[in-house]
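Visitor: Structure provided below as C-alpha cells; questions to follow.
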C-alpha cells in the first residue's frame, strides 16, 4: 500500500464573495480549504450548500447541533479518501481534477455504477481461461447467460462481500429512495463503515483501498461524459486521458489476476 499523504480540510464562510442580502442581513456560501502535497484549492461545500450568516456558520463549526458535527466529518472524510485515491492514481494532487471530480460525487450513485465488466471478465477467465478473455470492459449481448460473478448479487458474489448491504442500506434509502447512496456518502466515513462491516474473514478482497479504487475507476465512464460536456473540462480529460483508459485497464487486469476464482 502506498504511503498516505497528509490532507488538510477546513470549512470557512467565504465572505470574500459578494453577499446575498436578505432583509438587510448578509448571507454567504460555505467553502473548504483543501491542502495536500503543498498545494491548496478552495472548493464549495456540497453538504452545506445553502446560504449562511456568520452566526449560522459559527453555530455549525461549534457543533451546537450534533448533526452538524456528523455532516462536517462526513464531508471532511470524503475529501480525505478521494484525495488519497487521486494522489495515488494521478501521482500528484491536481487541484483542477480534484475540484471537478469532487463536484461530481453528489450526482452519481452506487446504483449508477456498472460493475458488470468485472463480472464478465472474471466469468471468461473462469470458464475459458485467461488467454481467451477480451480486453473489453463492457458486457456483450449474451451477458446475462455468462454472468456468474457479481459484486452486487449475494448468491453470485464469489468475493464474499455483502455489497448489497451498502446499496440497500437504510442510509441509502434515506438519502435517495430511488437511487440510494451517492459517491459523496460512499467515500465518507459513513459509507466506509458500511463497507468495512460488509467485509469479513471469508472475503477475498480485504483491502478497503482496493475496493475504493475499483469504485473510483468504475465511476470514470460517467465522469468522462461530464468532462466532455464543456471545452474547459474536455482539456482536463485530454490531460489525464491515460487514467481513463490505460491505467483503468491496468488496474482491472491487476484486480482480476489477484482475485479471480
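Residue numbers (the numbering used here): 1 to 261. Even for Gly, the Cβ is constructed at its ideal location relative to N, Cα and C. The structure presented is a predicted model; accordingly, all values stated were derived computationally and were not measured.
So residue 12 is in the beta strand (DSSP E); what residue range does that whole segment cover?
Guide: Here residue 12 corresponds to residue number 12 of the chain shown, with the count starting at 1. Its beta strand (DSSP E) spans residues 7-13.
Visitor: What are the start and end residues of the beta strand (DSSP E) that includes residue 33?
Guide: The residue you call residue 33 lines up with position 33 of the chain shown. Note, residue 33: beta strand (DSSP E), 30-36.
Visitor: Between residue 7 and residue 84, what straight-line distance do the alpha-carbon atoms span, to the nearest angstrom?
Guide: The residue given as residue 7 occupies position 7 in the chain shown. The residue given as residue 84 occupies position 84 in the chain shown. Their backbone Cα atoms lie some 8 Å apart in a straight line.
Visitor: Count the CB pairs spanning the segment 21-28 and the segment 69-84 that are closer than 8 Å, and state whether there are at least three.
Guide: Touching, no, given that fewer than three Cβ pairs across the two stretches are closer than 8 Å.
Visitor: Is the Cβ-Cβ distance between residue 230 and residue 74 less than 8 Å?
Guide: Position 230 of the chain shown, counting from 1, holds the residue named residue 230. Position 74 of the chain shown, counting from 1, holds the residue named residue 74. No, Cβ-Cβ distance for residue 230 and residue 74 is not below 8 Å.
Visitor: In terms of residues, what are the limits of the alpha helix (DSSP H) holding residue 102?
Guide: One-based indexing of the chain shown puts residue 102 at position 102. Looking at the DSSP string, the run of the alpha helix (DSSP H) that includes residue 102 is 95-104.
Visitor: Under the three-state reduction of DSSP, which class applies to residue 246: helix, strand or coil?
Guide: On the chain shown, position 246 is the one that residue 246 refers to. Of the three classes helix, strand and coil, the one that applies to residue 246 here is helix, per DSSP.
Visitor: Based on the DSSP output, what are the partners of residue 21 in its beta bridges?
Guide: As a working mapping, residue 21 is identified with position 21 in the chain shown. DSSP, once it has assigned bridges, lists 26 as partnering residue 21.
Visitor: Report buried or exposed for residue 17, applying the criterion of at least 16 other Cβ atoms within 10 angstroms of its Cβ.
Guide: The residue you call residue 17 lines up with position 17 of the chain shown. Under this definition residue 17 is an exposed residue.
Visitor: With a threshold of 16 other CB atoms inside 10 Å of the CB of residue 89, please say whether the residue is buried or exposed.
Guide: As a first step, residue 89 is located in the chain shown; it is residue number 89 there, counting from the start. When all chains shown are included, residue 89 counts as buried.
Visitor: Would the beta-carbon of residue 222 fall within 8 Å of that of residue 56?
Guide: On the chain shown, position 222 is the one that residue 222 refers to. On the chain shown, position 56 is the one that residue 56 refers to. Contact: no.
Visitor: Nearest by alpha-carbon distance to residue 36: which of 252, 195, 98, 105 is it?
Guide: Reading the chain shown from its first residue, position 36 is the one you call residue 36. Taking only the C-alpha atoms, the option nearest residue 36 is 98.
Visitor: Quick one: any contact between the segment 205-218 and the segment 247-256, if contact means 3 or more CB pairs under 8 Å?
Guide: Short answer: they touch.
Visitor: Would you call residue 196 buried or exposed, if buried means 16 or more other Cβ atoms sit within 10 Å of its Cβ?
Guide: If you number the chain shown from 1, residue 196 lands on position 196. Result: exposed.
Visitor: DSSP state of residue 223, grouped into three classes?
Guide: Taking the chain shown and counting its residues from 1, the one referred to as residue 223 is at position 223. Here residue 223 sits in helix by DSSP.
Visitor: On the three-state DSSP scale, how would you describe residue 43?
Guide: Residue mapping note: residue 43 aligns to position 43 of the chain shown, counting from 1. Strand.
Visitor: I'd like the list of long-range same chain contacts for residue 39, defined as Cβ closer than 7 Å, with 5 residues on each side in sequence excluded.
Guide: Position 39 of the chain shown, counted from the first residue, corresponds to residue 39. Closer than 7 Å at the Cβ level, and outside the excluded window around residue 39, lie 93, 95.
Visitor: Using 10 angstroms around the beta-carbon of residue 131, count the other beta-carbons present and answer buried if the total reaches 16, otherwise exposed.
Guide: The residue given as residue 131 occupies position 131 in the chain shown. Residue placement at residue 131 is poorly supported in this model, since its pLDDT is 34, which falls under 50; the coordinates still yield a value, given next. Exposed, by the Cβ-count rule.
Visitor: Less than 8 Å between the C-beta atoms of residue 227 and residue 237, yes or no?
Guide: The residue given as residue 227 occupies position 227 in the chain shown. The residue given as residue 237 occupies position 237 in the chain shown. Yes, the Cβ-Cβ distance between residue 227 and residue 237 is below 8 Å.
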